[in-house]
Amino acid sequence: MTQSSNHHPNKPVIFLAFAQDRVEGGAYLRNLPLEQDGIRKALQKARQAGLCEIVERSNTTVENILDVFQEYQDRIAIFHYGGHADSYELLLESLSGEHAIARSEGLVSFLARQKGLQLVFLNGCSSRQQALDLTEAGVPAVIGTSQKINDAVATNLSGRFYRGLAAGLAIERAWAEAIDQIKIETDTANFRGMHGEGIVEEEAESRLPWEIYYREGAEIVKNWNLPAAANQPLFGLPLPESYYRRLPPAPFIWLKDFKQEEAAIFFGRGAEIRKLHTHITAGSQPILLFSGKAGVGKSSLLQAGLMPRLENDYTIKYVRCLPGKSLADTLTQALQDIGDEYPVPAGPPLQSSGQDDLRLKLAELQKALGENSGFVRQVLENELQKLSVRTAETVTIAEYWLRIEQKTNRPLLLVLDEVDNNLTHPERGEAVPAEVLPGFLNIVQQIFAQTEKHPKGKLLLSCREESHGLLRETLQVQSLPFAEMFLAPLSWEGIVEAVEGVTRHPATQSLFHLEIDRNKSGNLPEIIAGDLLESEESPLAPMLQIALTGLWRAAIKENAKAPRLSVRQYQELKQAGGLVGEFFKQQIEQLNIWQSSVVGSGLVLDLLYRHTTPSGNAESLSTEQLQKIYHGRQHLLDQLLDKCRDLYLLTDVPPHGTGLAHALLAPIVIKEYSNSVKPGQQAARILNSRIEEFRANAKDIWLNDADLEMVEKGREGMRQFDADEERLLQISRERKAQRERERKRNRVIRNVLAVCIFLFAVLAGWQWQVSERNYKRSKANQLAFVAKDLFKTDNTKALRVAEAAYAILGANSPAAVTRTLSEIFHSQELWPFYEASYSHDKHVTSAAIAPDGRRIL
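Just so we're aligned, residue 34 is where the sequence shown starts under our numbering, counting upward by one.
Below, the structure written as structure tokens:
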């Protein structure tokens with residue numbers, strides 16, 4: 034008897050109980066010790082890996098069973114009994130070695146109360162009735178027998194089953210493989226050889242005596258496995274070493290999906306990888322509908338989590354659906370691409386609708402052939418031959434899938450990711466009608482609904498939560514076999530693993546040399562997990578990628594040779610907004626590329642700001658609230674909300690609302706809104722600064738022209754105005770109109786006054802000109818009279834005066850001036866003029882002759 038000495042509360046316990054018939058003349062089970070030893074060895078690998086604890090009891094008594102269950106309480110996950118049994122009791126032993134009966138009535142009641150119990154394996158004769166009673170009482174899964182069983186077969190069966198569990202297989206697959214071994218080793222045409230000695234041949238059933246029973250509604254136990262139960266979900270699913278030989282340049286990536294080549298740095302989804310792996314490798318349904326919220330990490334899980342762990346056993350084709358294509362075309366093209374990569378001995382596959390069209394054309398041509406002759410018949414024969422060749426070269430999609438598997442000698446896993454893109458109208462962003470899906474469903478039905486030949490592989494459809502209902506309903510309507518898996522947001526444990534995962538493997542540790550604060554004064558992974566989980570509905574995976582990338586950059590900047598993620602760095606980045614500031618700017622830029630007007634006007638900032646509180650926290654708004662806040666812009670609002678969800682700025686909040694993608698965004702949004710000079714934010718500031726005054730004294734408060742213009746301009750970039758704000762704007766417009774009228778009136782008055790002044794100026798100028806002219810005429814006449822007086826004594830001087838009189842008005846001189854000048858000028862014939870004559874009253878004492886000899890001075 035062996036038993037683990039240290040109890041680990043997180044490990045499941047497997048309780049192995051064996052009881053012999055030691056009474057003289059009893060039915061001693063020679064293989065029972067071999068069964069016990071075989072199970073012990075089968076589980077040794079799991080025990081050493083810390084997946085479980087093994088508790089064994091040989092020569093088991095009723096007291097032993099009760100003691101073990103009470104000691105380990107609800108940690109016992111599997112109870113295995115090996116020994117004699119029948120439909121109503123188990124044969125145990127007493128302390129004296131005599132028989133001790135465990136009655137079914139009490140045993141069923143006792144085992145049904147064990148909350149952690151997942152499986153009871155009654156490897157004894159004729160235990161079927163007890164198995165049925167146990168499942169009805171509440172035990173999720175029970176293995177029992179319908180007849181007496183062969184001791185050696187029972188030993189081999191149990192050993193293979195527990196080897197499967199120890200390898201990490203789920204209960205259903207481990208049991209199936211155990212049954213397969215028995216079928217391989219035994220003549221399947223005669224199951225009677227598996228029954229125990231002493232049973233009448235006519236009473237032996239012609240089927241396997243062992244059967245597993247599942248409680249109705251507890252079918253989930255089929256996927257129960259030791260790694261998941263021990264919180265070591267990736268046990269038995271190691272990443273191929275090749276991924277550690279080509280590591281990415283950094284341990285954390287920015288806001289994008291993890292690709293397959295980045296599998297070595299993908300952490301935090303171990304349980305989900307195990308669950309997906311089990312669905313694909315052990316699930317009975319050929320179609321898996323995989324869904325989750327936007328940003329939860331579906332694509333990363335498929336590419337970096339699942340596919341690397343299946344690549345050696347499956348032919349995998351991953352396709353990201355593109356907008357504008359139908360789902361049927363995407364599926365067909367994917368198979369065509371695989372056929373090109375692994376040349377299949379057949380032409381390209383045709384959809385069923387394509388085949389029908391070809392057959393219809395062939396029938397029409399054959400009919401027309403019998404009705405025509407000559408040249409027309411020859412043309413028709415040529416077309417008929419071409420179509421016949423084309424039909425011969427094509428195969429159905431189901432046949433094409435099977436030929437791919439035959440060519441590669443591996444099951445085909447076809448992953449269609451982001452199926453939503455094929456379920457949404459590329460321009461309007463609306464869901465396509467369900468009527469367009471039958472084409473796709475017909476193809477899927479053609480592949481998986483066959484009864485004779487069906488593929489070994491699986492079809493995985495990955496979509497957002499919003500599209501899950503449509504796909505689920507259409508698959509159900511067509512009665513297609515499918516399973517479902519919903520991807521929940523990262524858990525506390527998942528976040529912690531994602532933070533410190535790269536420090537756990539020698540390859541990543543030797544490349545990145547990363548250390549992380551994990552001590553009593555500050556445990557960084559737990560601090561990050563606590564902060565992220567404050568926002569229950571936020572897309573945790575993108576926020577975690579942002580935080581880790583920011584911390585890595587800070588650590589490299591401080592010490593590139595020995596980077597360390599510290600609590601101090603995290604707090605500094607968090608307070609400065611560095612964790613999400615860069616992310617926010619990038620996403621706003623993406624919005625600007627999508628539709629610049631919503632960014633340029635400030636509408637995006639206004640929408641995001643509505644999801645914050647005055648205290649700086651994030652707040653959720655219902656759809657009704659948003660419709661009221663942005664009344665009249667429903668279509669634009671819906672588009673903007675969808676885009677903000679796609680960019681992880683907003684997220685859905687049940688039942689019908691939205692909130693910031695994470696509380697860490699709130700201070701960034703508030704800061705950007707407060708510092709924004711976009712029209713929407715300027716308009717909001719103006720209204721906020723004046724509205725209270727207006728409400729207190731509406732008669733004396735209005736917006737000046739500049740403020741009114743800014744508010745009108747910013748209206749498209751902010752919320753709907755309330756009644757008081759609308760009244761303020763109306764009064765401001767009226768005041769502006771009144772001022773415009775006053776300005777117009779004043780402008781008219783000023784213009785009239787200007788005209789009057791101009792006219793007066795013109796009149797004054799005219800009067801001045803007239804006065805000036807009269808003055809000049811008077812002056813000219815005066816000089817003319819003087820010239821006449823001088824003419825009597827000195828005609829030369831008189832001529833000069835007359836000339837001066839004429840010079841005042843020129844040709845416009847009065848007639849008297851002209852006449853006087855003429856008379857004096859013509860007097861030179863009688864009285865010649867002298868050139869110059871100057872009187873000198875004093876005595877002449879000296880004289881000088883000019884150089885030219887013409888003047889004496």
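Even glycine gets a Cβ: it sits at the ideal position worked out from N, Cα and C.
Owing to the predicted nature of the structure, the values given are computational and were not obtained by experimental measurement.
With His113 as the anchor, note down where its beta strand (DSSP E) starts and where it stops.
Taking the sequence shown and counting its residues from 1, one reaches residue 113 at position 80. Residues 109 to 115.
Would you identify the three-state DSSP class for Ser324, choosing helix, strand or coil?
Numbered from its first residue, the sequence shown carries residue 324 at position 291. It is a strand residue.
On a Cα-Cα basis, can you pick out the residue from Gly490, Leu152, Gln180 that is closest to Gln162?
By 1-based counting over the sequence shown, the position of residue 162 is 129. Out of Gly490, Leu152, Gln180, Gln180 has the C-alpha closest to the C-alpha of Gln162.
Could you give the C-beta distance for Ser332 and Asp290, rounded to a whole number, given that I count them as a contact under 8 Å?
Looking up residue 332 in the sequence shown gives position 299. Looking up residue 290 in the sequence shown gives position 257. That belief holds up - the Cβ atoms of Ser332 and Asp290 are roughly 4 Å apart, short of 8 Å.
For the putative contact between Lys491 and Pro319, defined by C-beta atoms under 8 Å, what is the C-beta separation to the nearest angstrom?
To locate residue 491, count along the sequence shown from 1; it is residue 458. To locate residue 319, count along the sequence shown from 1; it is residue 286. Their Cβ separation, rounded to whole angstroms, is 6 Å, which keeps Lys491 and Pro319 in contact under 8 Å.
Can the beta-carbon of Ala844 be found less than 8 Å from the beta-carbon of Asn814?
Position 811 of the sequence shown, counted from the start, is the residue given in the question as residue 844. Position 781 of the sequence shown, counted from the start, is the residue given in the question as residue 814. The answer is no: Cβ separation not under 8 Å.
Would you report the Cα separation of Leu508 and Val254, rounded to the nearest angstrom?
Stepping through the sequence shown from its first residue, residue 508 is reached at position 475. Stepping through the sequence shown from its first residue, residue 254 is reached at position 221. Cα to Cα, the separation comes out at about 24 Å.
So, is Lys676 buried or exposed, given that buried needs 16 or more other C-beta atoms within 10 angstroms?
The count along the sequence shown starts at 1 and reaches residue 676 at position 643. The C-beta of Lys676 has 16 or more other C-beta atoms within 10 Å across all chains shown, which makes the residue buried.
Alpha carbons only, please: which of Ile719, Lys74, Leu335, Met751 is nearest the one belonging to Asn737?
In the sequence shown, counting from the first residue as 1, residue 737 sits at position 704. That would be Ile719, whose Cα lies nearest to the Cα of Asn737.
Where does Val175 sit, in a helix, a strand or coil, going by DSSP?
Taking the sequence shown and counting its residues from 1, the one referred to as residue 175 is at position 142. Note: Val175 maps to strand in three-state DSSP.
Taking a contact to mean a Cβ-Cβ separation below 8 Å, would you say Gln77 touches Phe51 in this structure?
Here residue 77 refers to the residue found at position 44 when the sequence shown is read from its first residue. Here residue 51 refers to the residue found at position 18 when the sequence shown is read from its first residue. One thing to note: Gln77 has its Cβ no nearer than 8 Å to the Cβ of Phe51.
Considering Cα atoms alone, identify which of Asn475, Ala482, Ser495, Leu474 is closest to Leu449.
By 1-based counting over the sequence shown, the position of residue 449 is 416. When only C-alpha atoms are compared, the closest one is Ser495.
Could you check the C-alpha separation between Phe224 and Glu244 for me, to the nearest Å?
In the sequence shown, residue 224 corresponds to position 191, counting from 1. In the sequence shown, residue 244 corresponds to position 211, counting from 1. Bear in mind that a pLDDT of 49 at Phe224, under 50, signals an unreliable position, so the model cannot answer this.
Short check: CB of Leu654 to CB of Gly690, under 8 Å?
Residue numbering aside, residue 654 sits at position 621 when the sequence shown is read from its first letter. Residue numbering aside, residue 690 sits at position 657 when the sequence shown is read from its first letter. The answer is yes: Cβ separation under 8 Å.
Distance check for Gln81 and Tyr114, CA to CA, integer angstroms please.
In the sequence shown, counting from the first residue as 1, residue 114 sits at position 81. In the sequence shown, counting from the first residue as 1, residue 81 sits at position 48. Those two C-alpha atoms are separated by around 23 Å.
In whole angstroms, what is the alpha-carbon distance linking Glu205 and Glu652?
The count along the sequence shown starts at 1 and reaches residue 205 at position 172. The count along the sequence shown starts at 1 and reaches residue 652 at position 619. Going from the Cα of Glu205 to the Cα of Glu652 covers about 46 Å.
Using only the alpha-carbon positions, how far apart do Glu2 and His546 sit?
In this structure the chain extends from 34 to 890, so residue 2 is not present and cannot be described.
In or out: Trp525 buried (at least 16 other Cβ within 10 Å) or exposed?
By 1-based counting over the sequence shown, the position of residue 525 is 492. It counts as exposed.
If you draw a straight line from the C-alpha of Gly116 to the C-alpha of Glu89, how long is it?
Looking up residue 116 in the sequence shown gives position 83. Looking up residue 89 in the sequence shown gives position 56. Taking the straight line from one Cα to the other gives about 14 Å.
Name the residue from Ala187, Glu210, Val186, Leu321 whose alpha carbon lies nearest to the alpha carbon of Arg196.
As a working mapping, residue 196 is identified with position 163 in the sequence shown. The option with the nearest alpha carbon to Arg196 is Glu210.
As an exercise, report each continuous beta strand (DSSP E) stretch of at least 3 residues that is fully enclosed by the segment 684 to 768, in chain order.
Positions of the beta strand (DSSP E) runs, each at least 3 residues long and wholly inside the segment 684 to 768, are given as 690 to 693 in order along the chain.
Is the Cβ-Cβ distance between Leu520 and Leu573 less than 8 Å?
What you label residue 520 is simply residue 487 of the sequence shown in a count that begins at 1. What you label residue 573 is simply residue 540 of the sequence shown in a count that begins at 1. Result no, Cβ atoms of Leu520 and Leu573 do not sit closer than 8 Å.
Taking Cβ to Cβ, would you say Leu259 is nearer than 8 Å to Cys85?
Residue mapping note: residue 259 aligns to position 226 of the sequence shown, counting from 1. Residue mapping note: residue 85 aligns to position 52 of the sequence shown, counting from 1. Yes, the Cβ-Cβ distance between Leu259 and Cys85 is below 8 Å.
Using the C-alpha atoms, what's the distance from Glu294 back to Gly649?
The residue you call residue 649 lines up with position 616 of the sequence shown. The residue you call residue 294 lines up with position 261 of the sequence shown. Roughly 40 Å separates the two Cα atoms.
By the three-class DSSP mapping on this structure, what secondary structure does Val377 have?
Against the sequence shown, residue 377 aligns to sequence position 344. DSSP places Val377 in coil when its eight states are reduced to three.
So, helix, strand or coil for Trp434, using DSSP?
For the purposes of this step, residue 434 is taken as the residue at position 401 of the sequence shown. Helix at Trp434.
If you follow the alpha helix (DSSP H) that Glu559 is part of, which residue opens it and which one closes it?
As a working mapping, residue 559 is identified with position 526 in the sequence shown. Where Glu559 is concerned, the enclosing alpha helix (DSSP H) stretches over 557 to 565.
Output the residue ranges of the beta strand (DSSP E) runs that lie fully inside the segment 247 to 331 and measure 3 residues or longer, sorted by chain position.
Taking only runs of at least 3 residues, the beta strand (DSSP E) segments lying wholly in the segment 247 to 331 are 320 to 325.
Per DSSP, what kind of secondary structure is Arg643 in: helix, strand or coil?
The sequence position of residue 643 within the sequence shown is 610, counting from 1. Arg643 falls in the coil class under three-state DSSP.
Would DSSP call Thr851 helix, strand or coil?
Numbered from its first residue, the sequence shown carries residue 851 at position 818. Note: Thr851 maps to helix in three-state DSSP.
Just tell me which of Phe300, Phe285, Arg307 has its CA closest to the CA of Gly269.
Your numbering for residue 269 matches position 236 in the sequence shown. Nearest Cα to Gly269 within the set Phe300, Phe285, Arg307: Arg307.
Among Leu456, Lys553, Val477, which residue has its Cα nearest to the Cα of Ser500?
Taking the sequence shown and counting its residues from 1, the one referred to as residue 500 is at position 467. Comparing Cα-Cα distances from Ser500 to each of Leu456, Lys553, Val477, the minimum goes to Leu456.
Quick check on Thr684: buried or exposed, where buried means 16 or more other Cβ atoms within 10 Å of its Cβ?
On the sequence shown, position 651 is the one that residue 684 refers to. So Thr684 ends up on the buried side.
Take the Cβ of Cys354 as the centre, count every other Cβ of all protein chains shown within 10 Å, and call the residue buried at 16 or more, exposed below.
What you label residue 354 is simply residue 321 of the sequence shown in a count that begins at 1. That one is buried.
Under the three-state reduction of DSSP, which class applies to Ser496: helix, strand or coil?
On the sequence shown, residue 496 is found 463 positions in, with the first residue counted as 1. A small correction: the amino acid at residue 496 is Cys; Ser does not occupy that position in the sequence shown. Strand at Cys496.
Might you give, ordered along the chain, the residues of its own chain that have their beta carbon closer than 6 Å to the beta carbon of Lys618, omitting 5 neighbours on each side?
Residue mapping note: residue 618 aligns to position 585 of the sequence shown, counting from 1. Counting only Cβ-Cβ distances below 6 Å, and skipping sequence neighbours, we find nothing.
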